[in-house]
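>
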Amino acid sequence: MRSVNRFKKPSSKQIVARLGLAVACGLALAIFLNASTAGAADEATLQVVVKEAASGEPIFQAHLTLQFRIPQKYKQDKWISYSAKTDKKGECTFHHITKGPIRLMVTAEGFQTFGKKFEIKKDNRVIEVKLRKPQPQI
1380 MRSVNRFKKP SSKQIVARLG LAVACGLALA IFLNASTAGA ADEATLQVVV KEAASGEPIF
1440 QAHLTLQFRI PQKYKQDKWI SYSAKTDKKG ECTFHHITKG PIRLMVTAEG FQTFGKKFEI
1500 KKDNRVIEVK LRKPQPQI
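Numbering (my numbering), first residue to last: 1380 to 1517.
1) What residue range is occupied by the uninterrupted beta strand (DSSP E) comprising R1511?
2) What are the boundary residues of the beta strand (DSSP E) that G1494 is part of?
3) Assign G1494 to one of two classes, buried (16 or more other C-beta atoms within 10 Å of its C-beta) or exposed (fewer than that).
4) In three-state terms, what does DSSP make of K1392?
5) How about the segment 1482-1498 and the segment 1439-1454: do they share at least three Cβ pairs that are nearer than 8 Å?
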């Protein structure tokens, strides 16, 4: 009895098409992996410590507003705003902040408002904010 071969040998055109598809899939995967890891290199963690200027004591429940830009490839950059409050040690940590310029505003009951622009260039940056009591009007 003769064996029957159910599979045909692919033509050279089919081999080239399959090879092209494999290369395209590999290239797409490489681009995806590069894009997903590139963002992590441009991100940082930021810790903000809020203290009273006169005594150096931490300020609990100070309200923080942090604004930073996320670059867009084909349109205007997008501004992101995070809000949080400090813990009992006067600390608050923000994760996944895009490196570059940021705006930080700090308010606390019984203290003057603090606002300033900073440049985040490296990961694990610590910013210490010292709030003052309001000054009397003359």
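Where is the CB? At the ideal position from N, CA and C, for every residue including glycine.
Judging by the given coordinates:
1) First-last for R1511: undefined, no H or E at that position.
2) 1493-1499
3) exposed
4) helix
5) yes
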